[in-house]
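Chains as they are written, first to last, in the numbering used here: chain A, 23 to 422; chain B, 6 to 243; chain C, 33 to 336.
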Amino acid sequence: MNHKASPLNRKFWTPGVFVMLVFMIAGFVSIIARFTGGIGYVSNLSTARPWGLWVGVDVATGVALAAGGFTTAALAHIFGCHSYEPIIRPALLTAMLGYTFVVLGLMVDIGRSWAIWKPIFFWNTNSVLFEVAMCVMIYLHVLYFEFIPIVAEQFKNKVRLPGPLALLNAPIDLFLKIADAVAGKIMWILIILGVVLSCMHQSSLGSLMLVAPTKIHPLWYTPILPLLFLTSAFAVGYPMVVFETTLVTSSFKLNSEMSILTPLTRITTFVLGLYMLLKLGDMFIRGTYVYLLDGTYQTNSFIIEMMFGIIVPWLMLVSKKVRQSRKGVFIAATMIVFGVALNRINVFIVGYTSPVSESGYFPSVGEIFVTLGLIATLMFVYRFVVTFLPVLQAPKEVSS
Amino acid sequence: MIKKIIFYSGFMILVAALSMAQVWKAPDQEKAKERAKERVKFIKDYKDEDNILRKIALIEKGISLDDVKNNYFLLDSPIIKEREDHYGPVRFAHKRHAALINDCTECHHYRPKDESMLETTRCSACHQDSFNADHPERIGLKAAFHQQCTECHQEEQNGPVTCTGCHLKNVPDHKDLVKLADNSDAFQVTAECLRCHDQAGEDMLKTAHWNWRGPSPYTVKHRKDVQHGKGTTALNNY
Amino acid sequence: MQLTRRNFFKFMGATGASVAVLPSSAQAWQSKAPPDPYGCLVDLTRCNGCRKCEDACSTVNELPPPIKDVCDCTVFEKKRRPDENAFTVVNRYFSGKLDELDKPLPVFVKIQCMHCQDPACVSACIVGALTKKENGAVHYDVSKCIGCRYCMVACPFEIPAYEYHDPITPRVRKCTFCFDRISKDGGLPGCATICPVEAITFGKRNTLLELAKKRIKDNPGKYVDHVYGEKEVGGTSWLYVSSLPFSKLNFPQLPEKPSPKLSETIQHSLFSYLWSPILLFGLLGGIMYKSKKKNDNPQDKGGA
Ligand code: SF4
Ligand code: SF4
Ligand code: SF4
Chain A
23 MNHKASPLNR
33 KFWTPGVFVM
43 LVFMIAGFVS
53 IIARFTGGIG
63 YVSNLSTARP
73 WGLWVGVDVA
83 TGVALAAGGF
93 TTAALAHIFG
103 CHSYEPIIRP
113 ALLTAMLGYT
123 FVVLGLMVDI
133 GRSWAIWKPI
143 FFWNTNSVLF
153 EVAMCVMIYL
163 HVLYFEFIPI
173 VAEQFKNKVR
183 LPGPLALLNA
193 PIDLFLKIAD
203 AVAGKIMWIL
213 IILGVVLSCM
223 HQSSLGSLML
233 VAPTKIHPLW
243 YTPILPLLFL
253 TSAFAVGYPM
263 VVFETTLVTS
273 SFKLNSEMSI
283 LTPLTRITTF
293 VLGLYMLLKL
303 GDMFIRGTYV
313 YLLDGTYQTN
323 SFIIEMMFGI
333 IVPWLMLVSK
343 KVRQSRKGVF
353 IAATMIVFGV
363 ALNRINVFIV
373 GYTSPVSESG
383 YFPSVGEIFV
393 TLGLIATLMF
403 VYRFVVTFLP
413 VLQAPKEVSS
Chain B
6 MIKKIIFYSG
16 FMILVAALSM
26 AQVWKAPDQE
36 KAKERAKERV
46 KFIKDYKDED
56 NILRKIALIE
66 KGISLDDVKN
76 NYFLLDSPII
86 KEREDHYGPV
96 RFAHKRHAAL
106 INDCTECHHY
116 RPKDESMLET
126 TRCSACHQDS
136 FNADHPERIG
146 LKAAFHQQCT
156 ECHQEEQNGP
166 VTCTGCHLKN
176 VPDHKDLVKL
186 ADNSDAFQVT
196 AECLRCHDQA
206 GEDMLKTAHW
216 NWRGPSPYTV
226 KHRKDVQHGK
236 GTTALNNY
Chain C
33 MQLTRRNFFK
43 FMGATGASVA
53 VLPSSAQAWQ
63 SKAPPDPYGC
73 LVDLTRCNGC
83 RKCEDACSTV
93 NELPPPIKDV
103 CDCTVFEKKR
113 RPDENAFTVV
123 NRYFSGKLDE
133 LDKPLPVFVK
143 IQCMHCQDPA
153 CVSACIVGAL
163 TKKENGAVHY
173 DVSKCIGCRY
183 CMVACPFEIP
193 AYEYHDPITP
203 RVRKCTFCFD
213 RISKDGGLPG
223 CATICPVEAI
233 TFGKRNTLLE
243 LAKKRIKDNP
253 GKYVDHVYGE
263 KEVGGTSWLY
273 VSSLPFSKLN
283 FPQLPEKPSP
293 KLSETIQHSL
303 FSYLWSPILL
313 FGLLGGIMYK
323 SKKKNDNPQD
333 KGGA
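Encoded structure:
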């Protein structure tokens, strides 16, 4: 237990940050266009294609890739593998930001953003989306709650607002203290709740498309789609942590966490293998392999997903040599992240065919800008938070 | 006040005068109108016989073209008017159709089951309101007319098949639609028409009435070579 | 981590209770279709393509008037779909047969919402803004809608359209089955009333189904032996009979299984009474309690 997270206190404005800023501005402009001209003004969505990039990427992929939060929490807190604690805070931050941006993406996508609270009062328990929405909503708050101790740790007894705002110092401080104390008390509930809620909506995200049996390509439309979504969320959780930790540690020139990452990938090998077996088994049992050589963009996309997103990285991780090399692990993790992201995109966008009209959908520039803008903002905020809050582990030796 | 009284009294006199004047009306047209307004008792049961038997029955009963009394009917009925009223009634030349087709069973396809009733009963006896829940297979009067007429016209390649081929459009009363101040000038009147009939205005701009240009040898002071017409020198006044 | 023994057993108790109710929740999926809904039977052999139904529909629903010039056949050159400004449209197809003058014989197809018996859109709608009414209409309540467009994703007929160009208050738009009109005694849908040839017959679905089969039986050779909507996705309130196979008329070919059956079955067997989340909660709680005791560590408070 020699870990101690601390703010990085590095220079915030780097060239990379400015690039992010450009994307953020482009996204912001597109969002303004969306809220003045309507969804139809910025997107290629239509009657035949009601869901596109925003749901497929911002929401579905976003939720899947934020799975690092609950998987690491489960590992460290529930299964008591405390050696993983250094990665919990970054994973939690990613999950929190990820879900925040999922909701922001949703706000852009749904037609009546101001009505987003309505599901709290109007229930349709037959609707998969209803369950997903409820879970995401509660889970988001759980995540915020789980994050309170981190904020409190930094600012408790240290709230120093400038000028007249100083009046608020004492109340905010008190609030922080109370919140921290409450959060500490119920933390175990929050952690379990977080895992339960995640399992629920990660799987239900797969059930979403089951209501449209005639529209989803049979390669993906399977009754076990929710199970596949859940296993793939498990499978992508740690690779996502590996992926971002590697990126972050190398971008901030921190020491890499190989000692933690290597055992993590062993778990991943197992879960990913399970996912692979389920997917292959499903394909053989339902006999959908007959489509594989159709050569359409849909089947090709499936093959790419299977090959480069699941089979190849799995084979890589099986090898001990890869597992122990920082580069090998990173490449395998990236491929898994790519595979799961592609899976979500396939299920929600590529595998979807409208029953009557030919809808060759490709996202419009506006849609892409919104998505990129949101991602850039997420990265921006992440950078901001790790710079000023104790999230990442302090470097053991200064290597910059 | 005085103005109003004068206006209303003038109006009263006008109405009285109009109502006193005997307007001539065509007697057969009046008769047809009266007939179209009638509602007859619904015939529930019909005799389901095939077309040949039916022809024989008609011959046996001695029903022939001579029995066709009315030159024409107005195909109209309160049954139809209650639901929709977009078109005027159709003047159906019964005698002419009978003479042309020379087969009553073509339209009078069934007879009432009740033997005491007329052999060739009128359409509206069996076909009344649409979607009669007790007789789901029985089509309504409007559909009966349309199916019978258009199908036959199409098959025979003879007779109108479009809406206005048979109907006059029911032009809505423009009394309340047109909003013009007293003493409006020509421009205001045209503008008011165009308020709704903008398409007609656009179409007008493409017609010869608007675009014509050419020699006008008969116009005073113009010779053959002078180009004249709405498209050039004449006043296009709107 | 404040996981005390007492708290823990409280939760385990709740878990046990929820497992006990489990068997009662595991019933098979049941159709929620109304027993005696209204419907419409569209007889494509009767339709003459006059598009009066489009006119009537836009009048009764206060939509912009349909593409002008009803008798101009150029509107048929493109296949149209119902959209946010038109709940029903008529398209023209050619049968491949010729009439006496060697002109190709057209078949006209009116399309609108099918008012499914077990509608996917209703099952999907996150807030229940779409409901299947007793009288058969699938009704949309804009005051609940949040605009997620999941109904559009779910509909197997690609019917609901969206006001994509309204930035703040867009609505889902689709045929209402003239709900307000048919809810009144003797009320009729606008399109059925106006149709000059009664190509649209309004009535009870069960009656119409018989009527459709009778028409097919009584006119051998006139119809293909298929009442579209009798079995498609579990049955629809609107039914079609036709002289041409429906696949040639751009009707989607659909299974007999109601679209929402699978997702609802999964959803309810997993989540009724929230039994699985509670169970999972208990299970994880147990594991956590165990592992905490094993390496009792006072340091792991907070940190998340
Ligand atoms: S009103 Fe009737 S005949 Fe005319 S297009 Fe519509 S369904 Fe066809
Ligand atoms: S046709 Fe589509 S919109 Fe209409 S009821 Fe069925 S699923 Fe709903
Ligand atoms: S039932 Fe009503 S809303 Fe539906 S197509 Fe007919 S007129 Fe339009």
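All C-beta atoms, glycine included, are put in the ideal place defined by N, C-alpha and C.
Only a predicted model underlies this, so the values are computations on that prediction, with no experimental measurement involved.
{"Item": "Any non-hydrogen atom of ligand 5 within 8 Å of residue 93 (chain C) CB", "Value": "Looking at this structure, you won't find ligand 5 anywhere; what it does contain is ligand 1, ligand 2 and ligand 3."}
{"Item": "Residue 133 (chain A), buried or exposed, once every other Cβ within 10 Å from all chains shown has been counted against 16", "Value": "buried"}
{"Item": "Enclosing alpha helix (DSSP H) for residue 314 (chain C) [first to last residue]", "Value": "307-326"}
{"Item": "Distance, residue 187 (chain A) Cα to residue 324 (chain C) Cα", "Value": "43 Å"}
{"Item": "From B:205, B:154, B:60 and B:113, residue whose alpha carbon lies closest to that of residue 228 (chain C)", "Value": "B:154"}
{"Item": "Chain C contacts made by the region 350-367 of chain A, where a contact means CB separation under 8 Å", "Value": "none"}
{"Item": "Continuous alpha helix (DSSP H) assignments of at least 4 residues falling wholly in the region 215-261 of chain C", "Value": "222-226 and 237-250"}
{"Item": "Chain A contact residues for residue 113 (chain C), given Cβ-Cβ distances below 9 Å", "Value": "69, 70, 378 and 379"}
{"Item": "Completely contained alpha helix (DSSP H) runs for the region 18-103 of chain B, where each covers 4 or more residues", "Value": "32-42, 56-65 and 83-86"}
{"Item": "Residue 127 (chain C) (DSSP reduced to helix, strand or coil)", "Value": "strand"}
{"Item": "For residue 121 (chain C), the residue or residues it bridges with in DSSP", "Value": "C:143"}
{"Item": "Residue 185 (chain B) - DSSP class collapsed to helix/strand/coil", "Value": "coil"}
{"Item": "Residue range of the beta strand (DSSP E) that includes residue 171 (chain C)", "Value": "170-172"}
{"Item": "The region 314-323 of chain A in contact with the region 264-278 of chain A per 3-pair CB rule at 8 Å", "Value": "no"}
{"Item": "contact_flag[the region 121-132 of chain C, the region 192-207 of chain C] where n(CB pairs < 8 Å) is 3 or more", "Value": "no"}
{"Item": "C-beta atoms of residue 83 (chain C) and residue 66 (chain C) nearer than 9 Å", "Value": "no"}
{"Item": "Beta-carbon contacts of residue 4 (chain C) that lie in its chain and below 7 Å, excluding the five residues immediately before and after", "Value": "In this structure chain C extends from 33 to 336, so residue 4 (chain C) is not present and cannot be described."}
{"Item": "Option nearest residue 46 (chain B) by Cα separation, candidates B:210, B:216, B:130 and B:186", "Value": "B:130"}
{"Item": "Residue 179 (chain C) versus residue 131 (chain A): straight-line alpha-carbon distance, rounded", "Value": "8 Å"}
{"Item": "8 Å contact criterion, which residue 290 (chain A) and residue 261 (chain A) should meet: CB distance rounded", "Value": "6 Å"}
{"Item": "As assigned by DSSP and simplified to three states, the class of residue 74 (chain C)", "Value": "strand"}
{"Item": "Residue 253 (chain A) - containing alpha helix (DSSP H), residue span", "Value": "247-273"}
{"Item": "Contact set between residue 151 (chain B) and chain C, taken where Cβ atoms lie within less than 7 Å", "Value": "228 and 229"}
{"Item": "Cβ-heavy atom distance, residue 206 (chain C) to ligand 2, below 8 Å", "Value": "yes"}
{"Item": "Span of the alpha helix (DSSP H) around residue 198 (chain A)", "Value": "191-229"}
{"Item": "Cα-Cα separation, residue 150 (chain C) to residue 326 (chain A)", "Value": "37 Å"}
{"Item": "Below-9 Å beta-carbon distance, residue 109 (chain A) vs any chain C residue", "Value": "no"}
{"Item": "Proximity of residue 159 (chain B) and residue 230 (chain C) at Cβ, strictly below 9 Å", "Value": "no"}
{"Item": "DSSP state of residue 187 (chain C) mapped onto helix, strand, coil", "Value": "coil"}
{"Item": "Where residue 383 (chain A) falls: helix, strand or coil (DSSP)", "Value": "coil"}
{"Item": "Residue(s) in a DSSP beta bridge with residue 162 (chain C)", "Value": "C:172"}
{"Item": "Distance between beta carbons of residue 90 (chain C) and residue 118 (chain C), contact taken as under 8 Å", "Value": "7 Å"}
{"Item": "Helix, strand or coil at residue 73 (chain A) [DSSP, three-state]", "Value": "coil"}
{"Item": "C-beta atoms of residue 484 (chain A) and residue 90 (chain A) nearer than 9 Å", "Value": "There is simply no residue 484 (chain A) to check, as chain A begins at 23 and stops at 422 in what is shown."}
{"Item": "Distance CB(residue 276 (chain C))-CB(residue 139 (chain C)) smaller than 9 Å", "Value": "yes"}
{"Item": "Chain C within 9 Å of residue 145 (chain B), Cβ atoms only", "Value": "yes"}
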